[in-house]
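Undergrad: Residue numbers (the working numbering), protein chains in the order written: chain U, 4 to 341; chain D, -14 to 308.
Sharing a structure below in structure tokens format, with a few things to ask.
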Amino acid sequence: MKISKVKFGQAFDALVSEYQIIAPVSDANGIAFQGVKSFSEVKQDYLNSKLPPKAFFFPQHEKLMSYKKEGKDVTVKSELKVEDTILFGIRPCDAKGMQLLDMVFKNDQYTDPYYYERREKAVIIGVACQKIAPTCFCSSFGMSPASSEGSDILFIDLGDSYEVEVITEKGKALAARFEALSELTADEQALVAKIKSAETSSKVDVSTTTSKLDKMFNSPFWDTLQEKCIGCNVCSFSCPTCHCFDISEEVRKNEGTRVRTWDGCMAPLFTLHGSGHNPRDHKKARWRQRMMHKFNYFVHNNGSMACVGCGRCIKSCPVNMDIRQVIDGANKAELVVE
Amino acid sequence: MTGVQRMNKIISDIRETARQLLADGKVDVVIGYAKGSLPLKATPCFVHSAQEVDSLIWDETCENNLAAFVAKTPGKKAIVAKGCDSRALVVLLQENQLVRDDLYIIGVSCHGVIDQRKIGAEVGEILEASISDGKISVKGMEGDKEYLFAEVKDATCQTCRYPNPVIEDLHLGELIQVSQDVAAFADVSAMENKSESERQAYFKEQMSKCIRCYACRNACPLCYCQECFVDCNSPRWLTGGVDRAENLLFQAGRVLHLAGRCVDCGACSRACPQGVDIRALNRKMTKDVYEMYNHESGISEEGKPALNVYSANDPEEQFLVKE
């Protein structure tokens, strides 16, 4: 089924009063996901945002609670604010990224209320990619520029209209608000089929990576791999699946806030203990952690790789560390006999 | 020789020099550039054996300041240094961060590096690109375009007065004639001439883009503090909050810490994934140091960075009193 962009725009504008709507807009720095008040603000022709949309569920700096001490009285206040939200225009890689984050923040051992309550109240409308950047490599991970994993509704842009594919129950409830859905023409069906069969031209073979990494903890591969890395957080902050965080207290006199901030495994402060000891005290250990976490530990724990091939880290790395080459390097690295 | 031939000669000389240094055991590693995985992007390269030297390259895409790696790389090392890299090495030597005898500087003169961001803004994602005799042909997702190198030269390189290394053990290629004998700060003057509210608006916008990834700090050859003030938690100078005020505190703190030391290589701006105009702050500080102390950092091995020396003649009347 399809909906004309005019009709969808009307539905979108009507939903603004009930939902916080996040969508891609053009800003000074490229494309960013931001709150919008009208469909006319939404950027239609874009590759993807510079930064991943994960921050709407997992902000870079988040107040968890605040507290105040007056005499012997201590008051504690939750800082969690949750709104009904629609994320529109999410690309399939980022939608899949959300699904991977879900595994971290809600699993059989733990549910993170801050992430999860926002996530529960959010509906994701994915929009399939029709332009594929040279750094896109999602097809390496069993996905495609039009895959629907993680989206509640998937749109495919047909020019004047969107093909609407309802993926989840949440999506179904929202799609009920769209009116004037009509059937696709034969030409449009052919276009949809073409978009759905597209693959990224860049692909990396990850079929043996996890099992190879099982045997690579002590590999000399890490010694040389890390040399050119400058240890900034560009890759972690621009990654739709990176989720390491730090919790700290921001205290002033008798009041304070407990905050959660993004951490990044490339930074020297990562896993630094209060004692001054750091089990990963060198870039070598930190790079090994990055690769192991994404392509080995996460697979063992959750059955999926923690990379969606969005290519942001490749584009933004100041020294051109290319994760595709790192995977390839690990695949080919000689194993040391222990 | 044509430009291409000259470039190729420098590349083969870099490789040959590296081969000799490694084969003779004079150095453990050669730090240079290799072809990157993306068009118009070189990548820092660490060559450990004579067999690997053919990965070394040299061209207008070699944008990183390799001096940032030197102190962190153990052993004896050779480094491919352009003018700004060499200036950073000078400051590091002046500040006792490097052992000169452990360092072999392969100097190359630099005509400047390419501002890929400018190209990307016009042609979209760059699919293919080639550089030949001062012309750059680019195939982008939004279209193809040909540029003259001068049109897409990085802003830093446009005001560079030290394209030739100021310290080196060997020079490869021809020296570049520099006509500009006084530092020009037209960009800073333009900023100074804006009204306070205009400047405030400009820096508000710039600071709101910062995501505090610290790529600028880490790409900087002269940001080498063991513990950066932003990472210090006792006292805690700033929080992990990513907002304009905190971001400005970080950026301004970093710039002040580089006063009289910054060599204006532009590595910070190029490293920034968000396109923050970090140089706008650095350049103002560089201009002030130039005018107040008649000092340019890292241009000679003699002397010390401007703010590392004190004299009774310092023009700070209220501060130092002659008895």
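Yeah, the Cβ is synthetic: ideal placement off N, Cα and C, and Gly gets one too.
The structure displayed is predicted, hence computed values, not measured ones.
When the Cα atoms are used, what is the spatial distance from arginine 202 (chain D) to histidine 242 (chain D)?
TA: As a working mapping, residue 202 (chain D) is identified with position 217 in the second sequence. As a working mapping, residue 242 (chain D) is identified with position 257 in the second sequence. Near 11 Å, if we compare the C-alpha coordinates of histidine 242 (chain D) and arginine 202 (chain D).
Undergrad: Determine the closest residue to isoleucine 107 (chain U) out of U:Phe301, U:Ile317 and U:Ser319, with distance taken between C-alpha atoms.
TA: Translated into positions along the first sequence, residue 107 (chain U) becomes position 104. According to the sequence shown, residue 107 (chain U) is valine rather than isoleucine. Closest option to valine 107 (chain U), Cα to Cα, is U:Phe301.
Undergrad: State whether the region 170 to 185 of chain D contacts the region 227 to 239 of chain D, with contact taken as three or more CB pairs (one from each stretch) at a distance under 8 Å.
TA: As far as the Cβ criterion goes, the region 170 to 185 of chain D does not touch the region 227 to 239 of chain D, which means the pair count is below three.
Undergrad: Within its chain, find whatever has a CB closer than 6 Å to the CB of tyrosine 132 (chain D); leave out the 5 residues flanking it on each side and keep chain order.
TA: The residue given as residue 132 (chain D) occupies position 147 in the second sequence. The residues are Ile121.
Undergrad: Out of curiosity, what's the CA-to-CA distance linking glycine 129 (chain U) and tryptophan 225 (chain U)?
TA: Working through the first sequence from its first residue, we reach residue 129 (chain U) at position 126. Working through the first sequence from its first residue, we reach residue 225 (chain U) at position 222. Each residue's alpha carbon lies about 37 Å from the other.
Undergrad: Any C-beta of chain D sitting closer than 8 Å to the C-beta of proline 223 (chain U)?
TA: One-based indexing of the first sequence puts residue 223 (chain U) at position 220. Taking Cβ atoms only, chain D never reaches closer than 8 Å to proline 223 (chain U), which makes this a no.
Undergrad: Return the chain-ordered list of same chain residues with a C-beta closer than 7 Å to the C-beta of lysine 20 (chain D), the five sequence neighbours on each side being excluded.
TA: Taking the second sequence and counting its residues from 1, the one referred to as residue 20 (chain D) is at position 35. So the list reads Ala27 and Ile42, once near-sequence residues are dropped.
Undergrad: Between which residues of its own chain and phenylalanine 54 (chain D) is the CB-CB distance below 7 Å, once the five residues before and five after are set aside?
TA: Within the second sequence, the letter at position 69 stands for residue 54 (chain D). If we look at phenylalanine 54 (chain D) and ignore the five residues flanking it on each side, its Cβ neighbours are Ile16 and Pro29.
Undergrad: If distances are taken between C-alpha atoms only, which option among U:Ala125, U:Met219, U:Leu83 and U:Val262 comes closest to methionine 294 (chain U)?
TA: Against the first sequence, residue 294 (chain U) aligns to sequence position 291. It is U:Met219 whose Cα lies nearest to the Cα of methionine 294 (chain U).
Undergrad: Note down, in chain order, all residues in the region 104 to 138 of chain U with a beta-carbon under 8 Å from any beta-carbon belonging to chain D.
TA: Correct list: Lys134, Ala136, Pro137 and Thr138.
Undergrad: Since I believe lysine 71 (chain U) is in contact with threonine 78 (chain U) (beta carbons under 8 Å), could you give me their beta-carbon distance rounded to a whole number of angstroms?
TA: In the first sequence, counting from the first residue as 1, residue 78 (chain U) sits at position 75. In the first sequence, counting from the first residue as 1, residue 71 (chain U) sits at position 68. That belief holds up - the Cβ atoms of threonine 78 (chain U) and lysine 71 (chain U) are roughly 5 Å apart, short of 8 Å.
Undergrad: For tyrosine 113 (chain U), is the classification buried or exposed, using 16 other Cβ atoms within 10 angstroms of its Cβ as the cut-off for buried?
TA: If you number the first sequence from 1, residue 113 (chain U) lands on position 110. By the 10 Å Cβ count, tyrosine 113 (chain U) comes out exposed.
Undergrad: Are valine 75 (chain D) and arginine 246 (chain D) closer than 8 Å when you measure CB to CB?
TA: Counted from its first residue, the second sequence places residue 75 (chain D) at position 90. Counted from its first residue, the second sequence places residue 246 (chain D) at position 261. No.
Undergrad: Return the chain-ordered list of same chain residues with a C-beta closer than 6 Å to the C-beta of leucine 275 (chain U), the five sequence neighbours on each side being excluded.
TA: By one-based count along the first sequence, residue 275 (chain U) stands at place 272. Excluding positions up to five away in sequence, the list reads Asn281.
Undergrad: Do valine 311 (chain U) and glycine 100 (chain U) have their CB atoms nearer than 8 Å?
TA: By 1-based counting over the first sequence, the position of residue 311 (chain U) is 308. By 1-based counting over the first sequence, the position of residue 100 (chain U) is 97. Their beta carbons are under 8 Å apart, which means valine 311 (chain U) touches glycine 100 (chain U) by this criterion.
Undergrad: Identify, in the order they occur along the chain, each residue of the same chain with its Cβ nearer than 6 Å to the Cβ of glutamine 101 (chain D), setting aside the five sequence neighbours on each side.
TA: One-based indexing of the second sequence puts residue 101 (chain D) at position 116. Answer for glutamine 101 (chain D): Leu25, listed in chain order.
Undergrad: Spell out whether any CB of chain D is found under 8 Å from the CB atom of asparagine 51 (chain U).
TA: In the first sequence, the residue the question calls residue 51 (chain U) occupies position 48. No, its Cβ sits nowhere closer than 8 Å to a Cβ of chain D.
Undergrad: Quick check on tyrosine 199 (chain D): buried or exposed, where buried means 16 or more other Cβ atoms within 10 Å of its Cβ?
TA: One-based indexing of the second sequence puts residue 199 (chain D) at position 214. So tyrosine 199 (chain D) counts as buried.
Undergrad: Name, going along the chain, the residues of the region 224 to 238 of chain U whose beta-carbon falls closer than 8 Å to a beta-carbon of chain D.
TA: Answer in chain order: Thr227, Glu230, Lys231, Ile233, Gly234, Cys235, Asn236 and Val237.
Undergrad: Does the beta carbon of asparagine 203 (chain D) sit closer than 8 Å to a beta carbon anywhere in chain U?
TA: By one-based count along the second sequence, residue 203 (chain D) stands at place 218. Judged by the 8 Å Cβ criterion, asparagine 203 (chain D) is in contact with chain U.
Undergrad: How would you call glycine 267 (chain U), buried or exposed, if buried means at least 16 neighbouring beta carbons within 10 angstroms?
TA: Counted from its first residue, the first sequence places residue 267 (chain U) at position 264. Buried, by the Cβ-count rule.
Undergrad: Starting from leucine 83 (chain D), find everything on chain U with Cβ-Cβ shorter than 8 Å and list it in chain order.
TA: To locate residue 83 (chain D), count along the second sequence from 1; it is residue 98. The premise fails here: leucine 83 (chain D) is roughly 17 Å from chain U at the closest Cβ pair, so nothing lies under 8 Å.
Undergrad: Just list the residues that DSSP pairs phenylalanine 91 (chain U) with in beta bridges.
TA: Translated into positions along the first sequence, residue 91 (chain U) becomes position 88. Paired residue(s): U:Ile128.
Undergrad: Could one say the Cβ of tyrosine 199 (chain D) lies closer than 8 Å to chain U's Cβ atoms, at least one of them?
TA: The residue you call residue 199 (chain D) lines up with position 214 of the second sequence. So yes, tyrosine 199 (chain D) belongs to the interface.
Undergrad: Rounded to the nearest angstrom, what separates serine 278 (chain U) and lysine 138 (chain D) at their Cα positions?
TA: Within the first sequence, residue 278 (chain U) is the residue found at index 275, counting from 1. Within the second sequence, residue 138 (chain D) is the residue found at index 153, counting from 1. Cα-Cα distance, rounded: 48 Å.
Undergrad: Can you tell me whether glutamate 230 (chain U) is buried or exposed? The criterion is at least 16 other CB atoms within 10 Å of its CB, across all chains shown.
TA: Within the first sequence, numbered from 1, the residue matching residue 230 (chain U) stands at position 227. It counts as buried.
Undergrad: Given a cut-off of 8 Å, decide if cysteine 210 (chain D) and alanine 73 (chain D) are closer than it, judged by their beta-carbon atoms.
TA: The sequence position of residue 73 (chain D) within the second sequence is 88, counting from 1. The sequence position of residue 210 (chain D) within the second sequence is 225, counting from 1. Not closer than 8 Å, so no.
Undergrad: So which residues on chain U does lysine 120 (chain D) lean against when the C-beta distance must stay under 8 Å?
TA: Residue numbering aside, residue 120 (chain D) sits at position 135 when the second sequence is read from its first letter. Those do not exist, as lysine 120 (chain D) stays about 22 Å from chain U at its closest Cβ, beyond 8 Å.
Undergrad: When you compare only the Cα positions, how much space is there between cysteine 145 (chain D) and alanine 169 (chain D)?
TA: Position 160 of the second sequence, counted from the start, is the residue given in the question as residue 145 (chain D). Position 184 of the second sequence, counted from the start, is the residue given in the question as residue 169 (chain D). The straight-line gap from Cα to Cα measures roughly 9 Å.
Undergrad: Buried or exposed, going by whether 16 or more other CB atoms sit within 10 Å of the CB of threonine 244 (chain U)?
TA: Against the first sequence, residue 244 (chain U) aligns to sequence position 241. Threonine 244 (chain U) is buried by the Cβ-count criterion.
Undergrad: Check the Cβ of aspartate 216 (chain D) against every Cβ in chain U and list those closer than 7 Å, keeping chain order.
TA: To locate residue 216 (chain D), count along the second sequence from 1; it is residue 231. Residues of chain U passing the Cβ test: Leu272.
Undergrad: Can you list, in chain order, the stretches of the alpha helix (DSSP H) that have 4 or more residues and sit fully within the region 178 to 219 of chain U?
TA: Qualifying alpha helix (DSSP H) stretches, in chain order: 189 to 200 and 212 to 217.
Undergrad: Here's the rule: buried if 16 or more other CB atoms are within 10 angstroms of the residue's CB, otherwise exposed. What is lysine 75 (chain U)?
TA: As a first step, residue 75 (chain U) must be located in the first sequence, where it is residue number 72. It counts as exposed.
Undergrad: For leucine 187 (chain U), tell me which candidate among U:Leu161, U:Arg180, U:Ala176 and U:Thr171 has the shortest Cα-Cα distance.
TA: Within the first sequence, the letter at position 184 stands for residue 187 (chain U). The candidate whose alpha carbon is nearest that of leucine 187 (chain U) is U:Leu161.
Undergrad: Between leucine 103 (chain U) and serine 307 (chain U), is the Cβ-Cβ spacing less than 8 Å?
TA: Along the first sequence, read from residue 1 onward, the residue named residue 103 (chain U) stands at position 100. Along the first sequence, read from residue 1 onward, the residue named residue 307 (chain U) stands at position 304. In this structure, serine 307 (chain U) lies closer than 8 Å to leucine 103 (chain U) by Cβ.
Undergrad: Lysine 11 (chain D) to isoleucine 198 (chain U), Cα distance in whole Å?
TA: The residue labelled residue 11 (chain D) in the question sits at position 26 within the second sequence. The residue labelled residue 198 (chain U) in the question sits at position 195 within the first sequence. Taking the straight line from one Cα to the other gives about 57 Å.
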